[in-house]
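Here is the structure we will look at, set down as structure tokens.
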Amino acid sequence: MKIRNAEAKDLAVIVEIYNASIPSRIATGDLELISVDSRISWYQEHSRDSRPILVVEIDNKVIGWLSFQSFYGRPAYKATVEISIYVAPEYKGQGIGKKLLSEAIDRSPQLGIKTLLGFIFAHNIPSLSLFDKFGFQRWGYLPKVADLDGTKQDLVIVGLHINEEK
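Under this note's numbering, the first residue of the sequence shown carries the number 1, and numbering increases by one thereafter.
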């Protein structure tokens, strides 16, 4: 298993993995499949030096990814990022998310990141459990803010301070 920075050639499989998560209504608020073209600018907004997209591969096949996304877009929040993790369905439950999250935490100091955030549906127990294992705390709860096919869902905001100053 290898974790590396994503390259433009990975975008199609990144989108494929993301699209595989949409029908379950557990990991994303998107309700329709997205296209590779619609994600080109998203990919280009990421920087290896500060906001990378990481992919994990087995036998040269990308099976999961993690992105660092700037939070709120104002200078005061430059050291805070939202992370998103997606794993191909056939590899879920095999520790891929755990490896990606560990890598994100390890890389954060060199990326200038001091706070990691996750926005997770309250019914996404596997993701909440994963973040809990790494010491993320529940920092926010937004009741019934998502409408997934007529069902209102809650959103949990989790956070972790990296190398918090005393």
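Beta carbons are placed, not taken as given, at the ideal position from N, Cα and C, and that holds for glycine.
On the DSSP bridge list, what partners appear for residue i?
i: ASP147; result: LYS152
i: LEU116; result: VAL81 and LEU160
i: TYR86; result: TRP65
i: PHE121; result: LEU155
Keeping to the same chain, check which residues put their C-beta closer than 6 Å to that of residue i; ignore five residues upstream and five downstream.
i: TYR18; result: TYR86
i: THR80; result: PHE71 and THR115
Whole angstroms is fine: what's the gap from residue i's alpha carbon to residue j's?
i: GLY73; j: LEU111; result: 17 Å
i: ALA20; j: PRO109; result: 31 Å
i: LYS144; j: SER41; result: 30 Å
i: ARG172; j: LEU31; result: Absent from the model: residue 172. The displayed extent of the chain is 1 to 166, so no value can be given.
i: ARG51; j: GLN69; result: 6 Å
i: PHE136; j: ALA76; result: 21 Å
i: ILE113; j: GLY140; result: 20 Å
i: THR28; j: LEU100; result: 18 Å
i: GLU90; j: ALA6; result: 20 Å
i: PHE121; j: GLN94; result: 21 Å
i: GLN153; j: LEU128; result: 15 Å
i: SER38; j: ASP132; result: 32 Å
i: GLU45; j: THR151; result: 32 Å
i: ASP59; j: LEU142; result: 40 Å
i: MET216; j: PRO126; result: Any property of residue 216 remains undetermined from this structure, which presents the chain solely from 1 to 166.
i: LYS166; j: LEU148; result: Confidence in LYS166 is poor, its pLDDT being 35 and thus under 50, which makes the residue's placement too unreliable to answer from.
Please list, in chain order, all residues of the same chain as residue i whose beta carbon is under 7 Å from its beta carbon, the five residues on each side excluded.
i: GLU103; result: ILE3 and LEU54
i: ILE96; result: VAL56, ILE63, GLY64 and VAL87
i: ARG138; result: VAL156 and VAL158
i: ASP10; result: VAL55 and VAL62
In terms of alpha-carbon separation, which member of the options lies closest to residue i?
i: ASN124; options: GLU7, ILE22 and MET1; result: ILE22
i: LYS78; options: LYS152, LEU117 and LEU33; result: LEU117
i: PHE119; options: GLN94, ALA146 and LYS98; result: ALA146
i: ILE105; options: ASN60, ARG39, LEU148 and GLU82; result: GLU82
i: ILE162; options: ASN60, ARG107, LEU148 and GLY150; result: ARG107
Can you tell me the Cβ-Cβ gap for residue i and residue j, rounded? I've got them flagged as a contact below 8 Å.
i: PHE134; j: LEU155; result: Actually they do not touch by this definition, with Cβ atoms about 19 Å apart.
i: SER47; j: SER67; result: Their Cβ separation, rounded to whole angstroms, is 11 Å, which puts SER47 and SER67 out of contact at 8 Å.
i: ILE34; j: VAL15; result: 6 Å
i: LYS98; j: LEU130; result: 6 Å
Looking only at its own chain, which residues have a Cβ that is under 8 Å from the Cβ of residue i, when we skip the five neighbours before and after it?
i: ALA8; result: TYR43
i: ASP49; result: LEU111
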